[in-house]
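In what follows, a single structure is set out as structure tokens and then discussed.
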Amino acid sequence: MSQPGGSSGDDGGTGDGGDDQEESSSSKLNVEDALTSFREQWQRELEISPKRDLNKSNKPVNIETIEEELSIENKAKKLFLKGIEYEQNGELYDAIRFYKRAVQLVPDIEFRLYESTKPKAREKFEKDEKTIVFDCEPPDDDVKGEEEIEDGNLIVKLSRVLVKNQRVCCPRFEQSSTHISALPMEIVLYILRWVVSPDLDFRSLEMFSAVCRGFFISARDPEIWRLACVRVWGVNCGDFEPIYRSWRDMYLQRPRLRYNGCYISKNTYIRHGENSFQDQFYRPWHLVEYFRYLRFFPEGRVLMLTSTDDAQSCVNLLKSRHPRNPNILIGYYRLHENRVTLVLKKQEIRSNNNVYRKKRKEVVHDSGEQTFHVVSAMSDFSIKLVHLFSRLFRRSSRYRRT
Numbered sequence: 001m002s003q004p005g006g007s008s009g010d011d012g013g014t015g016d017g018g019d020d021q022e023e024s025s026s027s028k029l030n031v032e033d034a035l036t037s038f039r040e041q042w043q044r045e046l047e048i049s050p051k052r053d054l055n056k057s058n059k060p061v062n063i064e065t066i067e068e069e070l071s072i073e074n075k076a077k078k079l080f081l082k083g084i085e086y087e088q089n090g091e092l093y094d095a096i097r098f099y100k101r102a103v104q105l106v107p108d109i110e111f112r113l114y115e116s117t118k119p120k121a122r123e124k125f126e127k128d129e130k131t132i133v134f135d136c137e138p139p140d141d142d143v144k145g146e147e148e149i150e151d152g153n154l155i156v157k158l159s160r161v162l163v164k165n166q167r168v169c170c171p172r173f174e175q176s177s178t179h180i181s182a183l184p185m186e187i188v189l190y191i192l193r194w195v196v197s198p199d200l201d202f203r204s205l206e207m208f209s210a211v212c213r214g215f216f217i218s219a220r221d222p223e224i225w226r227l228a229c230v231r232v233w234g235v236n237c238g239d240f241e242p243i244y245r246s247w248r249d250m251y252l253q254r255p256r257l258r259y260n261g262c263y264i265s266k267n268t269y270i271r272h273g274e275n276s277f278q279d280q281f282y283r284p285w286h287l288v289e290y291f292r293y294l295r296f297f298p299e300g301r302v303l304m305l306t307s308t309d310d311a312q313s314c315v316n317l318l319k320s321r322h323p324r325n326p327n328i329l330i331g332y333y334r335l336h337e338n339r340v341t342l343v344l345k346k347q348e349i350r351s352n353n354n355v356y357r358k359k360r361k362e363v364v365h366d367s368g369e370q371t372f373h374v375v376s377a378m379s380d381f382s383i384k385l386v387h388l389f390s391r392l393f394r395r396s397s398r399y400r401r402t
């Protein structure tokens, strides 16, 4: 009795499990059916939407318009090139006819054709740079040292590069306007002479030469340095040979003045103080300190200011060739070998008081015209001012007659 009952229980358990599996499978089918129906409905909406129709209609139109423009441009290029051929053969009327037809199709066809056939500046430069062959053979005669040989070879190599490239420099990036590399070497040298000559601003010239090798060669032009030497030493300039190797070497090695700043001389002296009325045996001493500022200009003008103020407040007063400060002495200088001779005068102060009483003469206080003569010696490219109380300093005074 027990066995049939047990078997019937087992059959009941398996029946319940089968029902559960059927329910889960049916639920999965329902979900999949819902997803498929949702996708179909979504695709129908996309197909019916007006944007899709516009996109479908615009794409082929855009492609067709681009193809038409390209075909028109190509046709205009062919016509323009045909006109060039007729012009080269001397058939000018036919050339004008083809040019006119090309311009009617594309108004700027000449510019487009030029831009398409013109090589890029950077690509041309790199192509030429790969084909450059340097000649590293040292000179046979007049060998004075390895440094001179290397410097000479460097200039020769860079000069050959410029000749090969046929330009002063090459733009690193594409330019929309005219680049300085389009200028010939003669124009660049002419500009540099204008930059350097007025105030001998060789600091700017050296900064210019550090940009590229073309500017380096331009800044080494002998004519620029010859004009600078003539401006500094005048009739005493002479020729750079045989002491110096070049005009530039002469300008750098020969004793000269500097014009891009002012010379500052610090002077001190001891002065006796007054005795105290309480202690007659105490005798004070004072150490007096003052500064003398000198500013030279290339045309031979010199300014001198003596003051106890620091350089920060006095240097700006010497920037102009015509200072307004009456304490500044104005004069001229002459350079001979390593000695500088200065002649300075005080500025005249004119009073603006033009209102006087009737029948009374103007009271004139004339302190006289004072002239200062200073001689300074140069050593190691700097000026060492001689004590102005020595025999090298003279002061002359002339008084007007009233």
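The sequence shown: position 333 = 333 (the UniProt record's numbering), numbered continuously. Note that CB positions come from ideal geometry on N, CA and C, so glycine has one too. This structure is a prediction, so every number in the text was calculated from the model and none was measured.
Under the Cβ criterion (8 Å, minimum of three pairs), the region 69-85 counts as touching the region 106-114. In this chain, the beta strand (DSSP E) harbouring G331 covers 329-336.
DSSP assignment within the region 202-268 yields no whole beta strand (DSSP E) run of 3 residues or more. L318 has its alpha-carbon roughly 10 Å from the corresponding atom of F296. Shown here, Q175 sits in coil according to DSSP, grouped into three states, outside any helix or strand. Scanning its chain for C-beta atoms nearer than 6 Å, with the 5 sequence neighbours on each side dropped, one finds around P298 the residues L200, R231, Y259, in chain order.
Residue state for K319 is assigned as coil, using DSSP reduced to three classes.
For the options S177, A210, S181, the alpha carbon positioned closest to that of P171 is the one of S181. The shortest CA-to-CA distance from I155 to any of R213, E115, L183 is the one to R213. For the pair Y293 and C262, the CB atoms are nearer than the 8 Å cut-off.
Following the DSSP letters along the chain, one finds S307 inside the beta strand (DSSP E) bounded by residues 301-307. Under the three-state reduction of DSSP output, L342 falls in the strand class.
Classified as buried, L329 has 16 or more neighbouring CB atoms from the shown chains inside 10 Å of its CB.
Residue burial is scored here from C-beta neighbours: I187 has fewer than 16 other C-beta atoms within 10 angstroms and is therefore classed as exposed. Shown here for M185: same chain residues with a beta carbon closer than 8 Å to its own, the five before and five after excluded, namely L162, V168, S218 in chain order. Pairing V302 with L342 gives a Cβ-Cβ distance under 8 Å.
L105: member of the alpha helix (DSSP H) spanning 92-105, first to last residue.
Judged by DSSP secondary structure, L294 falls within the beta strand (DSSP E) whose first and last residues are 285-296. Excluding its 5 nearest sequence neighbours in each direction, V340 has C-beta neighbours in its own chain below 6 Å: Y333, S376, listed in chain order. Between I224 and L192, the beta carbon gap of about 6 Å places them in contact (Cβ cut-off 8 Å). The beta carbon of G83 is closer than 7 Å to those of A95, F98, Y99, A102 in its chain, skipping five residues each way along the sequence. Secondary-structure assignment with DSSP links R271 through a beta bridge to H286.
Residue nearest to D310 within the set N327, E69, E289 is E289 (criterion: CA-CA distance). Secondary structure of F372 (DSSP, three-state): strand. Contact annotation, R220 with R248: C-beta distance approximately 7 Å; criterion of less than 8 Å satisfied. Only residues of its own chain outside the window of five on either side were considered, and among them A219 have a CB closer than 8 Å to the CB of E206, listed in chain order.
In this model, N89 and E67 are separated by some 33 Å (Cα to Cα). For K346, the closest of E337, T306, N338, S320 by C-alpha to C-alpha distance is T306. Contact between M304 and L335 fails: their C-beta atoms lie close to 16 Å from each other, not under 8 Å.
Between the alpha carbons of I270 and Q312 lies a distance of about 25 Å. Excluding the 5 residues flanking it on each side, Y251 has same chain C-beta neighbours closer than 6 Å at W225, A228, C229, in chain order.
In the three-state scheme derived from DSSP, where H, G and I count as helix and E and B as strand, C169 is classed as coil.
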